[in-house]
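As C-alpha cells, the structure follows; a few thoughts come after it.
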Amino acid sequence: MKLHPILAALRKHKAGTVLIALQIALTLAIVCNAVFIIGQRIDRVNRITGLDESNLFLVSQQWVGAPNADSADGVEKLDTMQREDLAALRQLPDVASVAPINSLPLLNSSWTGSVSHKPGAQLSGKDNTRTAYYFTDEQMLSTLGVRLVAGRAFNAGDVQHQGFRDQRDRPIAIITRQLADKLFPKGDAVGKVMYTDGSNAPTTIIGVVARLQIPSTSSQGNDFAWYSTLIPTRLDANFARYAVRTKPGRLDAAMRAVAPTLYKVNPMRVLDDDSVKPFSDIRARAYRADVGMAILMGVICLILLCVTAAGIVGLTSFWVGQRHRQIGVRRALGARKVDILHYFQIENLLIVGVGVAIGVLLALGLNLWLMSHYEMTRIPLPYVLTGVLAMLAIGQAAVFVPARRASNVPPVVATRAA
Amino acid sequence: MLKMTHLSKVYRTEVVETYALRDFNIDVKEGEFVAVTGPSGSGKTTFLTIAGLLETFSGGEYHLDGIEVSNLNDNARSKIRNEKIGFIFQAFNLIPDLNVFDNIEVPLRYRGMKAAERKQRIMDSLERVGLASRAKHYPAELSGGQQQRVAIARALAGSPRLLLADEPTGNLDTQMARSVLELLEDIHREGATIVMVTHDPELAARAQRNVHIIDGQVVDLSEDPRFHTVHAVDEAHG
Numbered sequence: 107m108k109l110h111p112i113l114a115a116l117r118k119h120k121a122g123t124v125l126i127a128l129q130i131a132l133t134l135a136i137v138c139n140a141v142f143i144i145g146q147r148i149d150r151v152n153r154i155t156g157l158d159e160s161n162l163f164l165v166s167q168q169w170v171g172a173p174n175a176d177s178a179d180g181v182e183k184l185d186t187m188q189r190e191d192l193a194a195l196r197q198l199p200d201v202a203s204v205a206p207i208n209s210l211p212l213l214n215s216s217w218t219g220s221v222s223h224k225p226g227a228q229l230s231g232k233d234n235t236r237t238a239y240y241f242t243d244e245q246m247l248s249t250l251g252v253r254l255v256a257g258r259a260f261n262a263g264d265v266q267h268q269g270f271r272d273q274r275d276r277p278i279a280i281i282t283r284q285l286a287d288k289l290f291p292k293g294d295a296v297g298k299v300m301y302t303d304g305s306n307a308p309t310t311i312i313g314v315v316a317r318l319q320i321p322s323t324s325s326q327g328n329d330f331a332w333y334s335t336l337i338p339t340r341l342d343a344n345f346a347r348y349a350v351r352t353k354p355g356r357l358d359a360a361m362r363a364v365a366p367t368l369y370k371v372n373p374m375r376v377l378d379d380d381s382v383k384p385f386s387d388i389r390a391r392a393y394r395a396d397v398g399m400a401i402l403m404g405v406i407c408l409i410l411l412c413v414t415a416a417g418i419v420g421l422t423s424f425w426v427g428q429r430h431r432q433i434g435v436r437r438a439l440g441a442r443k444v445d446i447l448h449y450f451q452i453e454n455l456l457i458v459g460v461g462v463a464i465g466v467l468l469a470l471g472l473n474l475w476l477m478s479h480y481e482m483t484r485i486p487l488p489y490v491l492t493g494v495l496a497m498l499a500i501g502q503a504a505v506f507v508p509a510r511r512a513s514n515v516p517p518v519v520a521t522r523a524a
Numbered sequence: 335m336l337k338m339t340h341l342s343k344v345y346r347t348e349v350v351e352t353y354a355l356r357d358f359n360i361d362v363k364e365g366e367f368v369a370v371t372g373p374s375g376s377g378k379t380t381f382l383t384i385a386g387l388l389e390t391f392s393g394g395e396y397h398l399d400g401i402e403v404s405n406l407n408d409n410a411r412s413k414i415r416n417e418k419i420g421f422i423f424q425a426f427n428l429i430p431d432l433n434v435f436d437n438i439e440v441p442l443r444y445r446g447m448k449a450a451e452r453k454q455r456i457m458d459s460l461e462r463v464g465l466a467s468r469a470k471h472y473p474a475e476l477s478g479g480q481q482q483r484v485a486i487a488r489a490l491a492g493s494p495r496l497l498l499a500d501e502p503t504g505n506l507d508t509q510m511a512r513s514v515l516e517l518l519e520d521i522h523r524e525g526a527t528i529v530m531v532t533h534d535p536e537l538a539a540r541a542q543r544n545v546h547i548i549d550g551q552v553v554d555l556s557e558d559p560r561f562h563t564v565h566a567v568d569e570a571h572g
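So the protein lines, in turn, are chains A and B. Just so you know, we're using the numbering used here here: the first sequence kicks off at 107 and counts up by one. Just so you know, we're using the numbering used here here: the second sequence kicks off at 335 and counts up by one.
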C-alpha cells in the first residue's frame, strides 16, 4: 500500500505523531500490567475452596461467665457446653450436619504450623512444609462438603478435646491431596507418618481430601493455599465456632433458628448480628480488597483507553480539518472515498504500530520493576499480545469516524478558494 | 470529447432555487484549446467543476469522451477523473507535505500503476515542464510559476484525454503567467484537448476558441454589440 507518501506526510507532523504514539505506548504498558494484576486478583477470588458454599454458614459465639480453659475442670465444662450446643443444632429440622471448627477457608483466622517427614524438625527448616490446621470432629467432612479421595474419615472415637492453648499430640490427621502430593509425591500418603510443628510424636495420615483451602487469603498464604491439615480435636474456650450445613435451599430458615436454639440451651452467651453469617458473606468479605482493587484498576484502564481513543479521534479530526482542501485535491485527482478512508486508517496503523512497539518494551520494563519491588510474577506474553491487538483495534475504531468524515469531503473542494 | 446538452445546475435552499447553469450547451472537439470566459458569478467555475466530474449536475446530458456520465457512481467518476482528466488549478493545489516527485505520483498511485512506470512518467513530465532537477523539492521551496509547472506536470503524467485549467495564471505575475501559457500552448500543439476558464481577455485570446458564459448560459458574442471589446471569439463557432 501507499506507505511512502503517508510516512512523508507524518514527518511533517512530528509533534502530534510522537505525542500520540507515546500516549499509546504508556497506555499499553499500564493497561497490560493492570489487566495482568486484575487477572491475578480474579484468579484468587475464583479459587475453589472445596466447600459446599451455598448451604454453609458459620456460627461464632461467646459464653458469658464461662469457666476458664486454663484448668482441666474448666476445659471439661467448656467441652460439655460445646457438645450441648452441637447436639441442639444437629436437632434443627433444616440442618444437615454441624461440626465444631476453629476456622473456615477465607475466614482469615488461621492456626498455621508446619509438617515434616522428620521428627523434631526446625520450624523454619527446609524439611518443613507450611500448613493450616482445622480442629474439628467426625462431622467435618460432611458439614463442609469436602470430598475424601483416599483413606477414611474421622469417627467419633477419633475425636479428642483440649483447651484452646493446650499442646497435645496429634496421633491422626487427614490432609489435602495437595499437601499429600508435596509430602509423598508417589501418592501413597495414607498410613504414612508425619510430624507436626517440630514435634517428635508421629501423626498418622488416615485420609486424604480432594481440596480444602486454608483460612488465610493474604498473599503470604499463596504458597500453601491448599496445604490444610485436619485434626480430630474439639478446642475448648469461652468461645466456639460451629460450621453448619443446611439441607438444600434451607439456609435462611436454618440461620434464623440458630439464635433461639442456642439461647434455649444456655442464655448466658453473646450472639450478635455478625455471629451467624452465611459463607457467601465470608467470601465477599475475604475478597473485598481484591474485588475493589480489580474494579479500581479496571476503571483506570477504561479511562486510559478512553482518553487514548479520544486523543486519536481528536488528532485525526484536527488533521482532517487541516487537510480538508488536500483531501479534496486527492479526490479531484482520482482518489475514491475508500482510498481516503484507507489513507487515514493506514496512517493510524503506523502511529499506533510505533506506539505499541514502544509500549511492549515499556510494559515488560514496568513488569520487571513491579517484580523487583512488589510481589508480582512475570507477565505472560499472551497478555502483552492481547494488549497490542486491543490497542490496534481501538486505534482503528477511534480513527474510523473522522476518517469517514474525511472520505466524504467532496472533490469540488479543490476548486474553492483556500 | 466534451459535450454538454441542455445541462442545468440548480442550487436549492428551502426558500430559493438558484440556477448556476441553465440550458447550457457546449461541444469541445478533440484537440481543441477552448477558453471559457465570463464575468464573476456567470457560472464559469461551475461549468469547470461539472466538466471535471467534481460536481454533479441537475439536468441535461453530459458526454465525456463518449461516455454519458450522469448516472455514474462515485467510484466510476473517480476513475474517469483519474484516467481521463488532468486538472490545473489556480491555487496550484500541490500537497505541501509531499515533495515534487511525490505530488506528481499521487494520481498515478490511485491508478494502481507499477512503481517503475510511475517513476518514468514522473521524470518525463518533469522534463516536459523543465523542472527535472527539482524533484526532491517541496512546494514551499518553489516559486509560484514553478509550482504551477509542477501542477501541470502532475496533470500531464497521467496522459489525460482532457486538460481542465481553472485560471491557471491567476496567481502568477506577468512573466510567470506568460511562461505557463506558452507551456499550455506547447501541450496543445502536441495534440492535447484543453479547456481553460479565465476572466483575462488577453489570455483567452491565445486560445483556439472562446466560449463566453453569462448567467449560466453560453452566449454568442458576435451578435451582441455590448461585447465587441472582447475579442478572439472564434468565428467558426460564433
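Just so you know, even glycine gets a beta-carbon here, dropped at the ideal spot from N, CA and C. Because the structure is a prediction, the values reported are computed rather than measured.
- Item | Rounded C-alpha distance that separates Arg411/B from Leu498/A | 33 Å
- Looking only at C-alpha atoms, which of Val350/B, Leu476/B, Pro494/B sits nearest to Gly440/A? Pro494/B
- Query: Is Asn407/B close to chain A, meaning its C-beta is less than 7 Å from at least one C-beta of that chain?
  - Reply: no
- Item | Simplified DSSP state of Leu355/B, which is helix, strand or coil | strand
- Query: Contact check, Gly434/A vs Ala520/A under 8 Å by CB: the rounded distance?
  - Reply: 4 Å
- Query: Residues of chain A with CB under 8 Å from Pro441/B, in chain order?
  - Reply: Leu439, Gly440
- Grab me the residues of Ser342/B's own chain with a C-beta within less than 6 Å of its C-beta, minus the 5 sequence neighbours each way, in chain order. Leu355, Arg356, Ser392, Gly393, Gly394
- Message: Please state the DSSP three-state secondary structure of Gln482/B.
- Response: helix
- Task: Step through the CB atoms of chain A and report whether any lies within less than 7 Å of the CB of Thr452/B.
- Result: Note on residue identity: the sequence assigns Arg, not Thr, to residue 452/B. No, its Cβ sits nowhere closer than 7 Å to a Cβ of chain A.
- What are the boundary residues of the beta strand (DSSP E) that Ala115/A is part of? Unbroken run through Ala115/A is the alpha helix (DSSP H), 109-117; no beta strand (DSSP E).
- Query: What did DSSP end up calling Trp169/A once you bin it into helix, strand or coil?
  - Reply: strand
- Of all Cβ atoms in chain B, is any one closer than 7 Å to the Cβ of Met107/A? The predicted position of Met107/A is uncertain, since its pLDDT is 46 and thus under 50; a value taken from the coordinates is nonetheless stated next. With 7 Å as the cut-off, Met107/A does not count as an interface residue toward chain B.
- Query: Can you list, in chain order, the residues of its chain whose CB lies under 6 Å from that of Gly180/A, leaving out five sequence neighbours each side?
  - Reply: Pro173, Asn174
- Same chain, Cβ closer than 6 Å to Met78/A, neighbours up to 5 away in sequence not counted: It is not possible to answer for residue 78/A, since the shown part of chain A is limited to 107 through 524.
- Item | Residues near Met482/A by beta carbon distance below 6 Å, same chain, minus five either side | Leu476
- Message: Does Met338/B come out as helix, strand or coil in the three-state DSSP assignment?
- Response: strand
- Message: Runs of 3 residues minimum, wholly inside the stretch 215-289 of chain A: which ones carry the beta strand (DSSP E) assignment?
- Response: 218-222, 235-241, 254-257, 266-269, 278-282
- Task: Using 6 Å as the cut-off, classify the Cβ of Val553/B as near or not near the heavy atoms of the ligand FAD, replying yes or no.
- Result: What this structure holds is no ligand at all, so the ligand FAD is not there to describe.
- Grouping DSSP H, G and I as helix and E and B as strand, with all else coil, what is Asn405/B? coil
- Whole-angstrom distance between Ala469/B and Arg512/B, CA atom to CA atom: 23 Å
- Task: Can you grab the Cα-Cα spacing for the pair Gly478/B / Asn505/B, in whole Å?
- Result: 7 Å
- Query: How long is the line joining the alpha carbons of Val137/A and Gln454/B, rounded to whole angstroms?
  - Reply: 49 Å
- Message: Quick check: the stretch 463-478 of chain A against the stretch 498-511 of chain A, are at least 3 beta-carbon pairs closer than 8 Å?
- Response: no
- Message: For Gly171/A, which residues in the same chain have their Cβ closer than 7 Å to its Cβ, ignoring the five residues on either side in sequence?
- Response: Met374
- Task: Specify the secondary structure class of Met300/A as computed by DSSP and reduced to three states.
- Result: strand
- Task: Starting from Pro517/A, find everything on chain B with Cβ-Cβ shorter than 9 Å and list it in chain order.
- Result: Thr383, Gly386, Leu387, Leu388, Glu389, Arg411, Ser412, Arg415
- Where does Asp500/B sit, in a helix, a strand or coil, going by DSSP? strand
- Between Ser166/A and the rest of its own chain, which residues show a CB-CB distance below 6 Å, the 5 nearest in sequence each way excluded? Arg347, Ser381
- Considering only the beta carbon of each residue, do Gln228/A and Gly417/A sit closer than 7 Å? no
- Message: Which residues of the stretch 442-458 of chain A have a Cβ closer than 9 Å to any Cβ of chain B? Give them in chain order.
- Response: Arg442, Lys443, Val444, Asp445
- Leu212/A to Val314/A, Cα distance in whole Å? 21 Å
- Interface flag, Leu496/B vs chain A, CB-CB below 7 Å: no
- Message: Extract the residue ranges of the alpha helix (DSSP H) inside the stretch 378-457 of chain B, only unbroken runs of 4 or more that lie entirely within it.
- Response: 378-385, 408-418, 434-444
- Query: Tell me, which residues are paired with Arg346/B by DSSP?
  - Reply: Glu351/B
- Message: On a Cα-Cα basis, can you pick out the residue from Asp233/A, Asn234/A, Leu250/A that is closest to Tyr240/A?
- Response: Leu250/A
- Message: When you compare the stretch 147-161 of chain A with the stretch 395-407 of chain A, are there three or more beta-carbon pairs, one atom per stretch, that lie closer than 8 Å?
- Response: yes
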